[in-house]
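Following: one structure in structure tokens, then a few remarks.
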Amino acid sequence: MSCDARALTAADREDDTDIAIRLRGVAKRYFLFSKPADRLKQMIWRNRRFFDEVSVLQDIDLDIRHGETVGVIGRNGAGKSTLLQIVAGTLQPTEGTIDVHGRVAPLIELGAGFNPEFSGRDNVFLYGRLLGMDEAEIARKYDDIIGFADIGPYIDRPVKTYSSGMYARLAFAVAMHVDPQILIVDEILAVGDAPFQRKCLDHFYKIKDRGCTILIVAHDQYLVRSMCDRAIYLREGHLIAFGPAHETTALYLE
26 MSCDARALTA ADREDDTDIA IRLRGVAKRY FLFSKPADRL KQMIWRNRRF
76 FDEVSVLQDI DLDIRHGETV GVIGRNGAGK STLLQIVAGT LQPTEGTIDV
126 HGRVAPLIEL GAGFNPEFSG RDNVFLYGRL LGMDEAEIAR KYDDIIGFAD
176 IGPYIDRPVK TYSSGMYARL AFAVAMHVDP QILIVDEILA VGDAPFQRKC
226 LDHFYKIKDR GCTILIVAHD QYLVRSMCDR AIYLREGHLI AFGPAHETTA
276 LYLE
């Protein structure tokens, strides 16, 4: 079956230069201690267990090719956001190996590097540097970023005065101008009102047409089918399917 979770195509095996993201045996587990003293007990009595182990991802193998747009689908708690964080490098796996080839822009926690006391203008430069742009590149793209965010006179006010929607719009505008080779998106298309969402989608398609590899978590199955080449279906941390988007979404909806 083309949606076999474990299957790797012959092309995948033969041409590693075509691979943008490769995961082998990736797992993520968390160790939960019911009280702080249990951590100390665990350090002293290593042959005993004072924690509960929670598995979030188990034995994930994936090859994502350069230029592909891949959707990640599954119910809440399936491990989708964890997978994206591991690929983005903001979270380390418990087991397995990850190879990522290309400049990565993670749209996961928008505005996580903003300084609330700074104006929107100042935060454009601050956040842009955190996302890997140098000052000259930010300055060159500055007018486009401000125009994309479209928050009017608030751009000169401290971001602590922003609504959550304005905050996200500015962060999204900066992130969308990084010109990444790999774009990682976690449900960010819910940002802003309908016109802003359409503008974001149009920009995504432009990035896609330029050959950017896109990995996106989405609950909108129509969006996955229309935008994505393939889709990853996760359930309770397990890779259930990885294949053509229309087949994988159909399997998920069964």
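Heads up: the sequence shown runs through residues 26 to 279, numbered per my numbering. Ideal placement from N, C-alpha and C gives every residue a C-beta, glycine not left out.
What does a CB cutoff of less than 6 angstroms around residue i pick up in its chain, not counting 5 residues either side in sequence?
i, result
"phenylalanine 150", "Ile163"
"aspartate 122", "In the sequence under discussion, the amino acid at residue 122 is threonine, which differs from the aspartate named in the question. So the qualifying residues of the chain are Arg49."
"methionine 201", "His228"
"glutamate 212", "Val242"
"valine 125", "Ile46"
"aspartate 168", "none"
"alanine 35", "A caution first: alanine 35 carries a pLDDT of 46, below 50, which makes its placement in the model too unreliable to give a value."
Please return the same chain residues whose Cβ sits closer than 7 angstroms to the Cβ of residue i, not counting the five positions on each side in sequence.
i, result
"proline 205", "Arg128, Val129, Ala130 and Cys237"
"lysine 274", "The residue you asked about is not lysine; residue 274 is threonine in the sequence shown. Around threonine 274: Ile98, Gln246, Val249, Arg250 and Ala256."
"aspartate 84", "Gly50 and Ala52"
"tyrosine 187", "Tyr179"
"methionine 158", "Val203"
"isoleucine 170", "Val149, Ala198, Val199 and His202"
Based on the DSSP output, what are the partners of residue i in its beta bridges?
i, result
"phenylalanine 56", "Glu78"
"isoleucine 85", "Val51"
"proline 269", "Arg255"
"histidine 263", "Arg260"
"aspartate 124", "Arg47"
"proline 205", "Proline 205 is not bridged to any residue."
"valine 242", "Val97 and Asp211"
"leucine 132", "Val210"
By DSSP, does residue i sit in helix, in strand, or in coil?
i, result
"aspartate 211", "strand"
"serine 144", "strand"
"arginine 223", "helix"
"alanine 200", "helix"
"leucine 156", "coil"
"leucine 195", "helix"
"leucine 278", "helix"
"threonine 94", "strand"
"threonine 186", "helix"
"leucine 116", "coil"
"aspartate 168", "helix"
"arginine 38", "Note that arginine 38 has pLDDT 48, beneath the 50 cutoff, so the model's placement of it is unreliable and no number is given."
"arginine 22", "Within the shown structure, residues of the chain are numbered from 26 to 279, placing residue 22 beyond reach of any answer."
Below 8 angstroms on the Cβ atoms is my contact criterion, and I expect residue i with residue j to pass it. Report the Cβ-Cβ distance as a whole number of Å.
i, j, result
"alanine 196", "phenylalanine 143", "Actually they do not touch by this definition, with Cβ atoms about 13 angstroms apart."
"glycine 145", "aspartate 181", "7 angstroms"
"isoleucine 209", "leucine 132", "7 angstroms"
"glycine 268", "valine 81", "With a Cβ gap of about 23 angstroms, glycine 268 and valine 81 do not count as contacting."
"valine 199", "leucine 156", "7 angstroms"
"aspartate 43", "arginine 90", "5 angstroms"
"alanine 266", "tyrosine 258", "4 angstroms"
For residue i, which residues of its own chain have a beta-carbon under 8 angstroms away from its beta-carbon, when the five flanking residues on both sides are left out?
i, result
"arginine 260", "Gly99, Arg100 and Ala103"
"arginine 74", "Gln67"
"arginine 154", "Glu160 and Ile163"
"tyrosine 230", "Met252"
### the segment 61 to 69 / the segment 101 to 117 touching (three or more Cβ pairs under 8 angstroms)
no
### Query
Counting Cβ pairs, one atom from each stretch, are 3 or more of them under 8 angstroms apart for the segment 114 to 122 and the segment 89 to 103?
no
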